[in-house]
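Order-wise, the sequence lines are chains A and B. Number 19 in the UniProt record's numbering belongs to position 19 of the first sequence; there are no gaps in the numbering. Number 109 in the UniProt record's numbering belongs to position 109 of the second sequence; there are no gaps in the numbering.
2 protein chains.
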Amino acid sequence: MERDDLSQQLLFLREIDRLKGVVRQSPLLDRSRKENSAEHSWHLAMYAWLLSAYAAEQVNAGRVIQMLLLHDVVEIDVGDTPLHSGGSHAEQSALETQAAARLFGLLPDAQRDDFMALWLEFEHAESADAQFAKALDRFQPLLVNVFTGGGTWVESGVSYEQVIQRYGPAIRNGAPRLWAICEQWLAQHFAERGGSTPN
Amino acid sequence: MERDDLSQQLLFLREIDRLKGVVRQSPLLDRSRKENSAEHSWHLAMYAWLLSAYAAEQVNAGRVIQMLLLHDVVEIDVGDTPLHSGGSHAEQSALETQAAARLFGLLPDAQRDDFMALWLEFEHAESADAQFAKALDRFQPLLVNVFTGGGTWVESGVSYEQVIQRYGPAIRNGAPRLWAICEQWLAQHFAERGGSTPN
Numbered sequence: 001m002e003r004d005d006l007s008q009q010l011l012f013l014r015e016i017d018r019l020k021g022v023v024r025q026s027p028l029l030d031r032s033r034k035e036n037s038a039e040h041s042w043h044l045a046m047y048a049w050l051l052s053a054y055a056a057e058q059v060n061a062g063r064v065i066q067m068l069l070l071h072d073v074v075e076i077d078v079g080d081t082p083l084h085s086g087g088s089h090a091e092q093s094a095l096e097t098q099a100a101a102r103l104f105g106l107l108p109d110a111q112r113d114d115f116m117a118l119w120l121e122f123e124h125a126e127s128a129d130a131q132f133a134k135a136l137d138r139f140q141p142l143l144v145n146v147f148t149g150g151g152t153w154v155e156s157g158v159s160y161e162q163v164i165q166r167y168g169p170a171i172r173n174g175a176p177r178l179w180a181i182c183e184q185w186l187a188q189h190f191a192e193r194g195g196s197t198p199n
Numbered sequence: 001m002e003r004d005d006l007s008q009q010l011l012f013l014r015e016i017d018r019l020k021g022v023v024r025q026s027p028l029l030d031r032s033r034k035e036n037s038a039e040h041s042w043h044l045a046m047y048a049w050l051l052s053a054y055a056a057e058q059v060n061a062g063r064v065i066q067m068l069l070l071h072d073v074v075e076i077d078v079g080d081t082p083l084h085s086g087g088s089h090a091e092q093s094a095l096e097t098q099a100a101a102r103l104f105g106l107l108p109d110a111q112r113d114d115f116m117a118l119w120l121e122f123e124h125a126e127s128a129d130a131q132f133a134k135a136l137d138r139f140q141p142l143l144v145n146v147f148t149g150g151g152t153w154v155e156s157g158v159s160y161e162q163v164i165q166r167y168g169p170a171i172r173n174g175a176p177r178l179w180a181i182c183e184q185w186l187a188q189h190f191a192e193r194g195g196s197t198p199n
C-alpha cells in the first residue's frame with residue numbers, strides 16, 4: 001500500500017462527503033427535515049446488522065452492511081431517484097453505471113474493482129446478500145412512511161395497490177417474514193386513511 | 001427469532017433515527033452546514049473499509065466497520081462532546097455508559113450484549129480493532145479541518161501543539177503511517193496560518 005494509493009483513497013473519501021448533500025424524499029422520523037443519502041446508508045447498515053436473521057436465505061451480514069454503505073454513492077452524480085417518480089429505468093441505470101465508473105475509478109485498481117463488483121451485485125440483485133440488501137432498501141422507507149402517518153405516500157397520492165406493487169416484490173423476495181408484517185401494517189394504515197383500502 | 005424480538009429491533013432502529021439530529025462541530029467539506037453523527041458514522045465506516053491496511057496491527061475490517069457504525073449512538077442521549085471542549089472525562093464516560101445501557105437495552109438480550117461488548121471494546125480501546133477505530137475517529141475530523149482551511153481549529157483558537165496533543169496519541173497508536181502524513185499536513189497548515197507554528 002503506497003503513498004499514491006493513499007492519495008487516491010483520500011480523494012475518494014473526500015469526494016463521497018457530497019453524499020451528505022443528496023436529499024431523499026423520506027423525512028426523518030421527527031419530520032424535522034428530509035433524510036440525506038449518507039445517513040440513510042448508515043441506518044440501512046444498522047438494519048442489515050440487526051435483521052439478518054430475517055433474510056430469505058442465509059446471508060453474510062458483513063457483506064450486506066458493506067453493500068448498503070456503498071449502494072447510494074452513485075447518487076453523488078445522478079441524485080436520488082424517488083420510488084414514486086416514474087421515469088425510464090434503463091436510462092437511470094446507464095447514468096448510475098457511469099457514475100459508479102467515475103467515482104470508484106478514483107480508487108486504486110483493486111479497490112475500484114471490488115467496489116464495482118459489489119455495487120453491480122447489488123444493482124442486479126444477483127445473490128442472497130444483494131436480495132436481502134434490496135429488501136431492506138425498500139423496508140426502511142416503508143417503515144418511515146408507516147411511522148410518519150403516510151409520509152411520501154400522502155404527498156404523492158400513492159394508493160395501497162401502488163405500495164404493494166412498488167415495495168412488495170423486493171421485500172417479499174429478500175425478507176419474506178418482514179413482508180408478512182408489512183402487509184399487516186399496510187392494511188391497517190390504508191384502512192385508517194380511508195380512500196383506496198385493501199379487501 | 002420471534003415476533004417479539006422483531007418489535008424490539010424495530011423500536012431500536014426507530015430510536016436511533018435521532019442520531020441524524022445530533023450535530024457535531026465539524027462542517028461538511030463544502031461548509032454548507034455542520035455534520036451530524038449519523039452521516040459521520042457512515043463516513044467513518046467507509047474510512048475503515050478503505051484504509052484497514054494502515055492499521056498498526058492486522059484488523060478485522062468488518063468488525064471495525066460495525067464498531068464505527070455503533071460508536072456514536074450514545075450521543076442520542078448525551079449529545080456530541082467536541083474534542084476541544086474540555087470537561088470531565090469521567091463524568092462524560094459515566095453518562096455515555098448509562099446511555100448505552102438504555103439504548104442497547106431496547107434490543108433482544110443477545111444483541112444487547114453484543115452491542116454493549118463491542119461499544120465497550122471501542123470505548124476502552126481494548127483491541128487492535130478498537131485502536132484502529134479510535135484512530136479513524138480522530139483522523140477524519142483532522143482531515144476535515146485540513147480540507148476546510150482550519151475549520152474548528154480556527155473557530156476554537158486551537159494551536160499546533162494542542163492539535164498534536166489531542167489527535168496525535170490515538171492516530172499514532174492505531175494507524176502510525178496515517179499519523180506520519182498528518183504531521184506533514186499539520187506542519188504545512190500551521191506554517192501557512194502563521195501564529196503558533198511548529199519548528
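Even glycine gets a Cβ: it sits at the ideal position worked out from N, Cα and C.
Beta-carbon separation (whole angstroms), G79 of chain A vs V22 of chain A, contact threshold 8 Å: The residue given as residue 79 of chain A occupies position 79 in the first sequence. The residue given as residue 22 of chain A occupies position 22 in the first sequence. So it is a contact: roughly 6 Å between Cβ atoms.
G62 of chain B at chain A interface by Cβ criterion, 8 Å: Taking the second sequence and counting its residues from 1, the one referred to as residue 62 of chain B is at position 62. Closer than 8 Å to some Cβ of chain A, the Cβ of G62 of chain B qualifies, so yes.
Hey, is the segment 168–183 of chain B in contact with the segment 127–136 of chain B, meaning 3+ C-beta pairs nearer than 8 Å? yes
Pick helix, strand or coil for E126 of chain A, following the three-state DSSP scheme. Position 126 of the first sequence holds residue 126 of chain A. In this structure, E126 of chain A counts as coil in the three-state DSSP scheme.
Return the Cβ separation of R193 of chain B and G150 of chain B in integer angstroms, given the expectation that the two are a contact with Cβ distance under 8 Å. Numbered from 1 along the second sequence, position 193 holds the residue referred to as residue 193 of chain B. Numbered from 1 along the second sequence, position 150 holds the residue referred to as residue 150 of chain B. About 6 Å separates the two Cβ atoms, so the contact holds.
In chain order, what residues of the same chain lie with their CB nearer than 6 Å to the CB of A128 of chain B, ignoring the 5 residues before and after it? As a working mapping, residue 128 of chain B is identified with position 128 in the second sequence. Closer than 6 Å at Cβ, skipping near neighbours: E57, V59.
Where the alpha helix (DSSP H) through V154 of chain A begins and ends: Position 154 of the first sequence, counting from 1, holds the residue named residue 154 of chain A. It spans 151–156 - the alpha helix (DSSP H) in which V154 of chain A sits, taken as one unbroken run.
Would you say the segment 86–99 of chain B touches the segment 38–51 of chain B, given that touching needs at least three Cβ pairs under 8 Å? no
Quick check on the burial criterion: 16 or more other C-beta atoms within 10 angstroms. Buried or exposed for K20 of chain B? Here the question's residue 20 of chain B lines up with position 20 in the second sequence. K20 of chain B should be labelled buried.
Verify the CB distance criterion: does S88 of chain B have a CB-CB separation below 8 Å to chain A? Taking the first residue of the second sequence as position 1, residue 88 of chain B is located at position 88. For S88 of chain B, the answer is no, since every Cβ of chain A falls outside 8 Å of its Cβ.
Would you list the residues sitting across from P27 of chain A in a DSSP beta bridge? For this step, residue 27 of chain A is matched to residue 27 along the first sequence. DSSP output for P27 of chain A lists A:K34 as bridge partner(s).
Can you list, in chain order, the residues of its chain with a C-beta nearer than 7 Å to that of G168 of chain B? Leave out the 5 residues immediately preceding and following it. Your numbering for residue 168 of chain B matches position 168 in the second sequence. These residues qualify, in order along the chain: W179.
Quick one: using the 10 Å Cβ neighbour count with 16 as the cut-off for buried, is D17 of chain B buried or exposed? Counting from one through the second sequence, the residue named residue 17 of chain B turns up at place 17. Buried, since its Cβ has 16 or more Cβ neighbours within 10 Å.
Whose C-alpha, out of B:Q184, B:N36, B:L118, is nearest the C-alpha of I164 of chain B? Numbered from 1 along the second sequence, position 164 holds the residue referred to as residue 164 of chain B. Of the listed residues, the one whose Cα sits closest to I164 of chain B is B:Q184.
Cβ closer than 9 Å: which chain B residues qualify as neighbours of D80 of chain A? What you label residue 80 of chain A is simply residue 80 of the first sequence in a count that begins at 1. Per Cβ cutoff of 9 Å: no residues; D80 of chain A is ~15 Å from chain B at best.
How would you call residue 205 of chain B, buried or exposed, if buried means at least 16 neighbouring beta carbons within 10 angstroms? No answer is possible for residue 205 of chain B: the residues shown for chain B start at 1 and end at 199.
Given E75 of chain A as reference, the closest of A:A94, A:Y54, A:P141, A:C182 once Cα atoms are compared: Working through the first sequence from its first residue, we reach residue 75 of chain A at position 75. Per the Cα distances, A:A94.
Does the beta carbon of L120 of chain B come closer than 8 Å to any beta carbon on chain A? Stepping through the second sequence from its first residue, residue 120 of chain B is reached at position 120. Taking Cβ atoms only, chain A never reaches closer than 8 Å to L120 of chain B, which makes this a no.
By the three-class DSSP mapping on this structure, what secondary structure does L106 of chain B have? Counting from one through the second sequence, the residue named residue 106 of chain B turns up at place 106. The answer is coil: DSSP assigns L106 of chain B none of H, G, I, E or B.
Q58 of chain A (DSSP reduced to helix, strand or coil): Mapped onto the first sequence, residue 58 of chain A falls at position 58. Residue state, collapsed to three classes: coil.
Chain-ordered neighbours of residue 200 of chain B on chain A, where CB pairs are closer than 9 Å: This structure cannot speak to residue 200 of chain B, because chain B is shown only from 1 to 199.
CB contact below 8 Å: D30 of chain A versus chain B: Walking along the first sequence from the start, residue 30 of chain A turns up at place 30. True, the Cβ-Cβ gap to chain B drops below 8 Å.
Same chain only: Cβ atoms within 8 Å of E126 of chain B, ignoring 5 sequence neighbours per side: Residue 126 of chain B sits at position 126 when you count from the first residue of the second sequence. Cβ within range, chain order: L120.
Per-residue burial, A90 of chain B [other beta carbons within 10 Å of its own, 16 or more giving buried]: Taking the first residue of the second sequence as position 1, residue 90 of chain B is located at position 90. Classification for A90 of chain B: exposed.
Determine the contact status of W49 of chain A and Q66 of chain B, defining contact as a CB-CB distance below 8 Å. Sequence index remark: in the first sequence, residue 49 of chain A carries index 49 (1-based). Sequence index remark: in the second sequence, residue 66 of chain B carries index 66 (1-based). Contact flag set, yes.
Cβ shell of R63 of chain A (< 8 Å), same chain only, five flanking positions each side left out: The sequence position of residue 63 of chain A within the first sequence is 63, counting from 1. The residues are L118, D129.
Contact set between the segment 43–54 of chain B and chain A, restricted to residues whose Cβ is under 8 Å from the partner: H43, A45, M46, Y47, W49, L50, L51, A53, Y54
Length of the line joining the Cα atoms of L11 of chain A and I181 of chain B: Within the first sequence, residue 11 of chain A is the residue found at index 11, counting from 1. Within the second sequence, residue 181 of chain B is the residue found at index 181, counting from 1. Approximately 14 Å between the Cα atoms of the pair.
Using a C-beta to C-beta distance shorter than 7 Å, which residues of chain B count as neighbours of E39 of chain A? Stepping through the first sequence from its first residue, residue 39 of chain A is reached at position 39. Within 7 Å Cβ-Cβ: K20, N36, A38, E39, W42.
Would A170 of chain B be called buried (16 or more neighbouring beta carbons within 10 Å of its own) or exposed? Within the second sequence, residue 170 of chain B is the residue found at index 170, counting from 1. Flag for A170 of chain B reads buried.
Is the Cβ of D17 of chain B closer than 8 Å to any Cβ of chain A? On the second sequence, residue 17 of chain B is found 17 positions in, with the first residue counted as 1. Chain A contact via Cβ: present.
Take V146 of chain B and list the residues in its own chain whose beta-carbon comes closer than 7 Å to its own, dropping the five residues that flank it on each side. On the second sequence, position 146 is the one that residue 146 of chain B refers to. These residues qualify, in order along the chain: W185, H189.
Straight-line gap, S52 of chain B to P108 of chain A (C-alpha atoms, nearest Å): The residue you call residue 52 of chain B lines up with position 52 of the second sequence. The residue you call residue 108 of chain A lines up with position 108 of the first sequence. So the alpha carbons of these two residues sit roughly 14 Å apart.
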